[in-house]
Structure formats: structure tokens, C-alpha cells
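This report concerns only the one structure given below.
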Amino acid sequence: MKMKLLIYKWNAFLESDIFEICQDEGLEYESFSWKFVNKNMDDNFEIWFHQTVDKDSFTALISINFWPMLSKVCQSKGLKYIAWCYDNPLNVVQVEETLANTVNYVFFFDRVQYQRYKSAGFNTVYHLPLGVNRKRMERMIISASEYAKFSAEVALVGKLYESQLPEIMAPLDDYTKGFLDALIRMQYSVRTYYILDECISDELIQNINWQYLEKEPGTQVRMSREALSYAMASEVTRRDRIVLLSLMGVRFDTRLYSYQNSEVIKNVKQYPAVNYWTEMPKIFACSKINLNPSLRIIQTGIPLRAFDIMGAGGFLLSNSQEELLQLFEDGREMVVYQGPEDAVDKAQFYLHHEELRRKIAENGRKKTLEKYSLRNRMKKIFAVAGMT
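Per our numbering, the sequence shown runs over residues 173 to 560.
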């Protein structure tokens, strides 16, 4: 049977790119949408899927990120399920209940995230860095008015990660609050290693849940290690970005494009969030320096934004990520910084060396488009899934 894909559509990044690549490659596909009541349990979806989808008509179902209900229905039908993840963590509770399903092919961009599940015995997980739609990047045209609109010395496109940590900590005693705050401050100062997972013990989680129950007997609120780690990582990342932007704003023409505004950040021009496919690449191309302070829980992987910056021909100034340094050459194809002060120093250097900055951006674009295209990524995914 000729390959035919069933694609779950939920307005995720990469979806339009996947559709375009399928069309260019002559791959047949159908798409569907569904608003899940619960990612792990949705009886109406299960009934609809079994009544609507003919397993023999499709080679595989593919989605951006892992959806337990998709895995569940594919397992019952014997249909291959491909989950291509650009989020870390997965943002799925009790993921272990479906991750081991034998129809799964789950691809993670962060090697540590992949290794965590692999070492736990899951043989359905794979490591694969992300990439860009080369054709979309190459056809981008920037008008003079757009260049004037988006030009800046320094820019960050991304959220500020307003975490739920204040709500999590509110019912806790002063000792536990102090301990969690100390962990956050320690992680903020340690930039080359993610220590929070090792510091969040089972005893700490039990103590937090006991305090919740003591404050509100009968409450169903429960904290997990994964949820606490993500909340704390989000808080550290929020501090990272506020400090970085504040320091940049004092020295340079600096912009933040985000759906979150912050009164704490001074001297930075704040703009609303922009369209991922049409506006964001142009901002990357028009900004002289593009910042990439990664979410701290991403331990080694290259966030999608970094590939998007380089693919659009933008100059990437990123925090140091192990896989970024393995795939790209620092100082030749992108530049990494070791802390906010170092980032400011390097931004100033490259703003004063325009020819070198442009050459690095050009080298990064060339390698990204040639070696890390989404079309090549899809071919690797299909090969791993035995579909070629």
C-alpha cells in the first residue's frame, strides 16, 4: 500500500510545514481535529475514532507532541502512531501508562529527555533534533516597510514563563518555602547543569502534599515531582529572561515580542506576540542580535526557536546547550554566552563588527537549511518507523 498519513491538527508549530512537505513529496494525507476533554481519557473521541477511521486506509497517524488518547486508539487498532515532540516536558500526566504502547514512535529533541525514558525501559522513544522548513525560509521576502518595522539591535521572541510557583508555595510553611527558594536561587546560578530533578526528593513531595491536606482536609490537589520541577524551571527561566532583557535594554535598542508583558523589565520595547509562520522569521532576519535563553528544563537539546533564527538568516546568540555546540560551531555559525553579563559583552562586540556578524548568520543559515531541514527529519522518522 502506498504511504498515507493521518495527521492530528491542533494549530501546533510545524503542522503547516508538515502539510507542505507532504504535498511536495507527493505523500497522501488526511487531517482531523479534536478538542480533548482529557488527554488520557475521552470516551467520545474513542467512539468517534473507531467508527470513522479505517486502519487499513492509513500507514500511520502522526501528531506534533505526544497525545495519550491518540496512542490508545492506535494501539487498539494496530495503527502506527508517530509523535514528533518539540515541547519539554511532555505536559502529560501519567504518560507512562501509554508511552510503552507498541505502536508508538515518539521522537524527542532533547537527548536527556529521551535518555530518561529509554533508561526507564521504554523502547518506543527516539532522539531526533528539530529543524526548519527550508522551502518556507527560502521563499521569504522582506519589504522595505517590513524591514523598517522589525529592525532592532537585540530581540527576543518568546514568553516570560510566568510560573505557577507562587500558587504552589502559598499553602506551605516558611521552612519549605525557604528551601524551594534556595533551590531556585542555586539553579539560577548554575547554568551548565540542571540540578532541580536531583534535589526534589520523594520526601519533599510527600511533605508538600501533606501540607496541602493539612491546610485543606479532603483536597484532591496533589503535587508531583514533574510538575514541581517544571514550575521551578519556569521561575528560573523567568528570572533569566528578565535579567537578560533588562541588561540588554540599558545598552541597546532591545525588543521583546510576547503575549506576556512585564512592568519589571525597563528600557525594552514590548510588542504583542507575532505569527509564527509569517512575521517571526522576518523579525529574526531583521534583528541584528536574536536571543535564545532556553527553558532551563531543556538540558541538552536545541529549542525550535534556535533553528528558526538560523534558518531565517538571523544571528543567534544563545545560552550554551550541549547539542547546539555539537551541531554548530560557536563563533562561526552562532554564538553562545555563559551568563547575562557575557551575553551583553558579546552583543556589543558583534554589533560593532557587522561584517563578522553577517558572516556568522550566513554560515548558520547555510548549515541549517542544508543539514537540518524538516524534510530530511521526516525521512528519518519514516525510516525508523519502517515506512520506507
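Virtual Cβ for every residue (Gly too), placed ideally from N, Cα, C.
Please read all numbers here as calculations on a predicted model, not as lab measurements.
Taking DSSP's pairing of strands, which residues face LEU233 in a bridge? In the sequence shown, residue 233 corresponds to position 61, counting from 1. In DSSP, LEU233 forms a bridge with LEU178 and TYR253.
Restricting to Cα atoms, I'd like to know which of LEU178, GLU192, TYR180 and ALA184 is closest to SER545. Along the sequence shown, one-based indexing puts residue 545 at 373. Cα-wise, what sits closest to SER545 is GLU192.
Could you give the DSSP three-state label for ASN381: helix, strand or coil? Translated into the one-based positions of the sequence shown, residue 381 becomes position 209. In this structure, ASN381 counts as helix in the three-state DSSP scheme.
ALA184 and ILE234: beta carbons closer than 8 Å? For the purposes of this step, residue 184 is taken as residue 12 along the sequence shown, with counting starting at 1. For the purposes of this step, residue 234 is taken as residue 62 along the sequence shown, with counting starting at 1. No. Outside cutoff.
PHE217, enclosing alpha helix (DSSP H) - first and last residue: The sequence position of residue 217 within the sequence shown is 45, counting from 1. Element bounds for PHE217: 215 to 224.
Have a look at ASP226, TYR333, ILE313 and GLN285 and flag the residue whose alpha-carbon is nearest the alpha-carbon of PRO301. For the purposes of this step, residue 301 is taken as the residue at position 129 of the sequence shown. Considering only alpha carbons, the answer is GLN285.
Helix, strand or coil for ALA478 per DSSP? Residue 478 sits at position 306 when you count from the first residue of the sequence shown. Here ALA478 sits in helix by DSSP.
Please list the terminal residues of the continuous beta strand (DSSP E) segment that includes ARG394. Residue mapping note: residue 394 aligns to position 222 of the sequence shown, counting from 1. From DSSP, ARG394 is part of no beta strand (DSSP E); its letter is neither H nor E.
Just tell me which of SER229, ARG311, ASN263 and LEU467 has its CA closest to the CA of THR450. Within the sequence shown, residue 450 is the residue found at index 278, counting from 1. Closest by alpha carbon: ARG311.
Taking DSSP's pairing of strands, which residues face TYR149 in a bridge? Since the displayed the chain opens at 173 and closes at 560, residue 149 lies outside it and no answer follows.
Using the C-alpha atoms, what's the distance from LYS543 back to LEU476? Reading the sequence shown from its first residue, position 304 is the one you call residue 476. Reading the sequence shown from its first residue, position 371 is the one you call residue 543. Using only the alpha carbons, I get a separation of about 15 Å.
Is DSSP giving ASN305 helix, strand or coil here? Position 133 of the sequence shown, counted from the start, is the residue given in the question as residue 305. Here ASN305 sits in coil by DSSP.
To the nearest angstrom, report how far apart SER418 and LYS441 are at their CA atoms. On the sequence shown, position 246 is the one that residue 418 refers to. On the sequence shown, position 269 is the one that residue 441 refers to. Note on geometry: alpha-carbon atoms of SER418 and LYS441 lie some 11 Å from one another.
Applying the criterion that 16 or more other CB atoms from any shown protein chain within 10 Å of the CB defines a buried residue, is TYR319 buried or exposed? Here the question's residue 319 lines up with position 147 in the sequence shown. By the 10 Å Cβ count, TYR319 comes out exposed.
7 Å CB neighbourhood of GLN510 in its chain, flanking five on each side removed: Within the sequence shown, residue 510 is the residue found at index 338, counting from 1. So the list reads ARG363 and SER492, once near-sequence residues are dropped.
GLN588 to LYS174 span [Cα, whole Å]: This structure gives no information on residue 588, because the portion of the chain shown stretches from 173 to 560.
State buried or exposed for TYR365, treating a residue as buried only when at least 16 other CB atoms are found within 10 Å of its CB. By one-based count along the sequence shown, residue 365 stands at place 193. Burial call: exposed.
With distances taken Cα to Cα, identify the nearest neighbour of GLU567 among ILE461, LEU251, VAL516 and ASP514. Absent from the structure is residue 567, since the part of the chain shown begins at 173 and ends at 560.
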